[in-house]
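Enquirer:
Residue numbers (this note's numbering): -15 to 476.
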C-alpha cells in the first residue's frame, strides 16, 4: 500500500513552520534563566554501603575536611549514576572560600582505588571533582574526602537504616518543581506531560524533515532508525553507517549475509582473530572475513574506527553487531516500506500498535544471528528474535510516527496528522531507564499517579529534562519551570 500524504486540493508542498500550540510549547520559547554550570568493623564496609552513605549524606556535614585539611561543603551530593562512569553525577561542592564547583564524585573504599580501577586513564572520569573514600592507603594530590571519621552514626546502625528505613529519595534532593507538580491533579499531570510530548514529537519530526530535504524521505527514515538502534552511546557510528546505505546496499544479487559482512567490516566491528573454541561462531566469522577480503579495496576508504563504539553496560541483545545484522535484512527487503504504510493506515494497528508494528519489522530466522548475541558468543540453546517489543516502542515514538506525522504536515493532510498523533498518545509505555527514574524522583519524588502511563508520558518527561533540568544545576538555580507550573495550574 502507498499512502498519499498530500490532500487532493494541495498543489505544492509547503515549508512547515511549527508554532507554539500549547502552554508547554510557549514556555520553551521564553528566555531561560542564567545557565548553570564511628564505630566500624575491622574490615572496611562494602563500596555499595559507602555510596548509600554519600547519597543520603549520613555525615557530620558541617565538619567535613579533605585529606589535605581544607574544609569542604557539600551543596549537592549529585545524582546516583547506575551506568558506567563515576558513581555520582552533577554534584556541587565548595572547598574553603573558593567558588562552588559542579562535577562528578567517585566513591571507593581506598584511595588506591583511583589508580587500581584505572580511573586516571578513563575519559569518563575527567570531570570528577571529589574522590570519596573510607580509608587512605595511598597519598594523593586530588581533592579527597575520607568519610570514616565523619559518619553521623555507628556503621552498624547506618547499614540497618539504609537497608530498611531510608527514603528511596531524600527530600533535599527533590527538584524545586516537585512541590508545584504535586499540587496538580492526575489529569493535569497527564495533560502537561502530553503537551511536552507533542513538542518532542514535533522536534523529532522536523529533524527528519531537514534530512529528507537533502537525502529524501526514505534515507531520512533509515538514518533515524539506525540512530534509534544505536541507543545514546552508539548513535553516531550507527548514523555514519546509515549515511553509507546507498553505497553499502548496492550491487546485483547482494545477499543478506554479504550486506551483514559489509556493515560489520565497514563499521570496524570484525574481531581480528577467531575464538578457537566456538565452532559455529568461527565458521561464520571466517566466511565474513573471506568475503570482506574480496571487497576491502572498494570500501575500506569509508571504514569506521572501532574506537567510535561503546560497549560498556550494553545488554547482549542490544550489541551493535546484532543490530547491524537486523539492518541488513531490512535494507534488502523491497516491500518493507510498503508494509509500514499499510500498518500505519490499518485499523488493527490502532488496537494493537506495538504488536502489529513488531510483526511488520520482524525478520525470518537468521542462520547465525538468531542463535548468537555477538561475534564472540557461543551458540544459544534456542533461537532469539532480532527485535523485541521494547525496541519497537523506541523506534515508533522516536522515528516512525514522527516520520509519518511530518509527511502528513507537509502534505497538509490533517487526517493522517491526527492519526499519527492519536497513535503516539495511545502507545504503551517503553522500557524504563536511568534518565526517567531520576526525572520521576526529582519532579515527583518517585510517587507518580496511576494516570502516568504510556510512552507519551515518558516522552514528555524526557522533554522536560531536556528543556529545564539539563539547563540548570542540581540546585535548580535559575530554573523557570516551578513558577511556570504554578501559573499554569492557577489557569487550569
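Glycine included, every Cβ here is placed at the ideal spot set by N, Cα and C.
The structure presented is a predicted model; accordingly, all values stated were derived computationally and were not measured.
I need the straight-line Cα distance from residue 311 to residue 353, nearest angstrom please.
Expert: The straight-line gap from Cα to Cα measures roughly 12 Å.
Enquirer: Could you check where the alpha helix (DSSP H) with residue -10 kicks off and where it finishes?
Expert: If you look at residue -10, you'll find it isn't in any alpha helix (DSSP H); DSSP assigns it neither H nor E.
Enquirer: By the DSSP assignment, the beta strand (DSSP E) with residue 274 in it spans what residues?
Expert: Segment 263 to 283 is the alpha helix (DSSP H) holding residue 274; no beta strand (DSSP E) there.
Enquirer: What span of residues does the alpha helix (DSSP H) with residue 331 cover, start to end?
Expert: That residue, residue 331, is in no alpha helix (DSSP H); it is neither H nor E in DSSP.
Enquirer: Go through the segment 306 to 377 residue by residue and report every complete run of the alpha helix (DSSP H) that reaches 4 residues or more, in order.
Expert: Runs of the alpha helix (DSSP H) inside the segment 306 to 377: 320 to 329, 332 to 335 and 337 to 345.
Enquirer: Do the segment 393 to 409 and the segment 292 to 301 meet, that is, are 3 or more Cβ pairs less than 8 Å apart?
Expert: no
Enquirer: Taking residue 438 and residue 472 to be in contact with their CB atoms under 8 Å, please state how far apart those CB atoms are, rounded to whole angstroms.
Expert: 21 Å between Cβ atoms; not a contact.
Enquirer: Starting from the C-beta of residue 167, find all residues in its chain whose C-beta is less than 7 Å away, skip the five residues before and the five after it, and write them out in chain order.
Expert: 473
Enquirer: Three or more beta-carbon pairs under 8 Å between the segment 359 to 371 and the segment 342 to 351, yes or no?
Expert: yes
Enquirer: Mark residue 257 as exposed unless 16 or more other C-beta atoms lie within 10 angstroms of its C-beta, in which case mark it buried.
Expert: exposed
Enquirer: Counting C-beta neighbours from all protein chains within 10 Å, is the total for residue 0 16 or more, i.e. buried, or is it exposed?
Expert: Unreliable positioning characterises residue 0 in this predicted model, as indicated by a pLDDT of 46, which lies under 50. The coordinate reading is nonetheless provided below. Exposed.
Enquirer: Just the Cα atoms here: how many angstroms apart are residue 270 and residue 445?
Expert: 46 Å
Enquirer: The beta strand (DSSP E) that contains residue 458, what's its start and end?
Expert: No beta strand (DSSP E) contains residue 458, which DSSP labels as neither H nor E.
Enquirer: Going by Cα to Cα distance, which pick from 37, 334 and 425 is closest to residue 136?
Expert: 37
Enquirer: Count the other CB atoms, across all protein chains shown, that sit within 10 Å of the CB of residue 277; report buried if there are 16 or more and exposed otherwise.
Expert: exposed
Enquirer: Does the beta-carbon of residue 88 have 16 or more other beta-carbons within 10 angstroms, so that it is buried, or is it exposed?
Expert: buried
Enquirer: Put residue 191 into one of helix, strand or coil per three-state DSSP.
Expert: Here residue 191 sits in helix by DSSP.
Enquirer: Below 8 Å, how does it come out for the segment 127 to 145 and the segment 32 to 47: are there three or more Cβ pairs, yes or no?
Expert: yes
Enquirer: Among 386, 129 and 421, which has the Cα closest to the Cα of residue 188?
Expert: When only C-alpha atoms are compared, the closest one is 386.
Enquirer: Under a Cβ-count criterion, where at least 16 other Cβ atoms within 10 Å of its own Cβ denotes burial, should residue 245 be classed as buried or exposed?
Expert: Flag for residue 245 reads buried.
Enquirer: If we ignore side chains and look at the alpha-carbon of each, how far apart do residue 415 and residue 224 end up?
Expert: 26 Å
Enquirer: Report all residues from its chain with a CB closer than 7 Å to the CB of residue 466; omit the five preceding and five following residues, and keep chain order.
Expert: Beyond the five residues adjoining it in sequence on each side, residue 466 comes within less than 7 Å, by CB distance, of 160, 161 and 164 in the same chain, given in chain order.
Enquirer: Looking at C-alpha atoms only, which residue of 198, 263 and 252 is the closest neighbour of residue 221?
Expert: Cα-wise, what sits closest to residue 221 is 252.
Enquirer: Can you tell me the Cβ-Cβ gap for residue 383 and residue 208, rounded? I've got them flagged as a contact below 8 Å.
Expert: Between residue 383 and residue 208 the beta-carbon gap is near 4 Å, inside 8 Å, which marks them as a contact.
Enquirer: Please name the residue, chosen from 358, 328 and 448, that lies closest to residue 255 on a Cα-to-Cα basis.
Expert: Answer by Cα proximity: 358.
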